[in-house]
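Take a look at the structure below.
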Amino acid sequence: MLTIDRAIRDAIVAHAKRDHPDEACGIVAGPEGSDTPVRLVEMVNAAGSPTFYEFDSTELLALYKQMWDADEEPVIVYHSHTATEAYPSRTDIGLASEPGAHYVLVSTAEHGNNDGPVEFRSYRIVDGAVTEEEVRVLDPTNTDQNPATPRSND
Amino acid sequence: MAIEVRIPTILRTYTDGAKAVTGEGETLSALIENLEASHPGIADRLLDNGELRRFVNVYINDEDVRFIGGLEAKLSDGDQVVVLPAVAGG
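Shown next as structure tokens:
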């Protein structure tokens, strides 16, 4: 299961809507071993494409060095699909290289840059095997551990 | 001649879990050959048909090796090599 603050979830969705029709991508770093996504880092999609994303190699190194220095790891690796559902593509599965991360997929296919609900789903991708997991969204005013109900509108 | 090589999570199965290993070689190509001797299997994860894999990034002292000669990039004692899989997909 992925547990994520609503503010971070909403920021990922906003990034995806802003970059539509190109794919948006980024990570959310968190303390090593915590499984807690804390620090959102929006990355430039160096591919600038509606069907592909890739972190720029220089920015990728800078990001990992920051994380190593701060004892962080990529808790979430996210990207958007702009014409298809929020499910890992064959390419996503083949290139997934963080077995400890939650792979979050957002689909902007339905509403593009506009307001409206988006699919926000999370997966583990390990050795080519995809496992979808529950997403629990935490509201700042509601810190109890009940699963949050997905909102119908963003 | 000692080169520190930073190993990404996904390749640590080849290094008994070590985050960094030491190797040697005067070029990246020689270093990979040297690493393969101590960590069998790792070369195949870095190379494809004798070329660096498209979705594996290798850096020497923070420079992407693609801009400094690829597999023929020169190494010196004390250099730091970082291997990072691309974060990419479709």
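Chains B and G, in that order, give the protein sequences. When we follow my numbering, the leftmost residue of the first sequence carries the number 1, and every step to the right adds one. When we follow my numbering, the leftmost residue of the second sequence carries the number 1001, and every step to the right adds one. Glycine included, each C-beta is placed from N, C-alpha and C at the ideal position.
Where do the N-terminal and C-terminal ends of the beta strand (DSSP E) with residue i fall, by residue?
{"i": "ASN45 of chain B", "result": "It is not in any beta strand (DSSP E) - ASN45 of chain B carries neither H nor E in the DSSP assignment."}
{"i": "SER80 of chain B", "result": "72-81"}
{"i": "THR131 of chain B", "result": "129-133"}
{"i": "ALA29 of chain B", "result": "25-31"}
{"i": "SER122 of chain B", "result": "119-126"}
{"i": "LEU1075 of chain G", "result": "Where LEU1075 of chain G is concerned, there is no enclosing beta strand (DSSP E), given that its DSSP letter is neither H nor E."}
{"i": "GLY1023 of chain G", "result": "1020-1023"}
{"i": "HIS111 of chain B", "result": "No beta strand (DSSP E) contains HIS111 of chain B, which DSSP labels as neither H nor E."}
Taking the alpha helix (DSSP H) that residue i belongs to, which residues open and close that run?
{"i": "GLY94 of chain B", "result": "90-95"}
{"i": "ASP5 of chain B", "result": "Where ASP5 of chain B is concerned, there is no enclosing alpha helix (DSSP H), although the beta strand (DSSP E) it sits in stretches over 2-5."}
{"i": "SER1038 of chain G", "result": "1028-1038"}
{"i": "ALA1043 of chain G", "result": "1042-1046"}
So which residues of chain G does residue i contact, with C-beta pairs closer than 9 Å?
{"i": "GLU54 of chain B", "result": "PHE1055, ALA1086, VAL1087, ALA1088, GLY1089"}
{"i": "THR51 of chain B", "result": "GLY1090"}
{"i": "SER89 of chain B", "result": "GLY1089, GLY1090"}
Under three-state DSSP, which class holds residue i?
{"i": "THR58 of chain B", "result": "helix"}
{"i": "GLY1070 of chain G", "result": "helix"}
{"i": "THR51 of chain B", "result": "coil"}
{"i": "THR1009 of chain G", "result": "helix"}
{"i": "VAL1087 of chain G", "result": "coil"}
{"i": "TYR87 of chain B", "result": "coil"}
Can you pull the chain B residues whose beta carbon is under 8 Å from the beta carbon of residue i, in chain order?
{"i": "ILE1010 of chain G", "result": "SER97, GLU98, PRO99"}
Under 8 Å Cβ-Cβ, which residues of chain G neighbour residue i?
{"i": "HIS20 of chain B", "result": "Under the 8 Å cutoff, chain G gives no residues; its nearest Cβ is about 16 Å from HIS20 of chain B."}
If the cut is a Cβ gap below 7 Å, which residues of chain B does residue i touch?
{"i": "VAL1082 of chain G", "result": "LEU61"}
Output, in chain order, the set of chain G residues within a Cβ distance shorter than 7 Å of residue i.
{"i": "HIS79 of chain B", "result": "GLY1089"}
My assumption, with CB atoms under 8 Å, is that residue i sits in contact with residue j. Please give the rounded CB distance.
{"i": "VAL38 of chain B", "j": "ALA46 of chain B", "result": "Actually they are not in contact, since the Cβ atoms of VAL38 of chain B and ALA46 of chain B sit about 25 Å apart, beyond 8 Å."}
{"i": "VAL1056 of chain G", "j": "VAL1081 of chain G", "result": "The pair is not a contact, with the Cβ atoms about 12 Å apart (cut-off 8 Å)."}
If we define contact as Cβ-Cβ less than 9 Å, is residue i a contact residue for chain C?
{"i": "ILE4 of chain B", "result": "The chain labelled as chain C is not found among the protein chains of the depicted structure, namely B and G."}
Members of the region 91-119 of chain B near chain G, C-beta cut-off 7 Å
THR91, ASP92, LEU95, SER97, GLU98, PRO99, GLY100
Relative to chain B, which residues along the region 1052-1064 of chain G have a C-beta separation below 7 Å, given in chain order?
PHE1055, ASN1057, TYR1059, ASP1062, ASP1064
Positions along the region 55-76 of chain B whose CB lies within less than 7 Å of some CB in chain G
PHE55, SER57, THR58, LEU60, LEU61, TYR64
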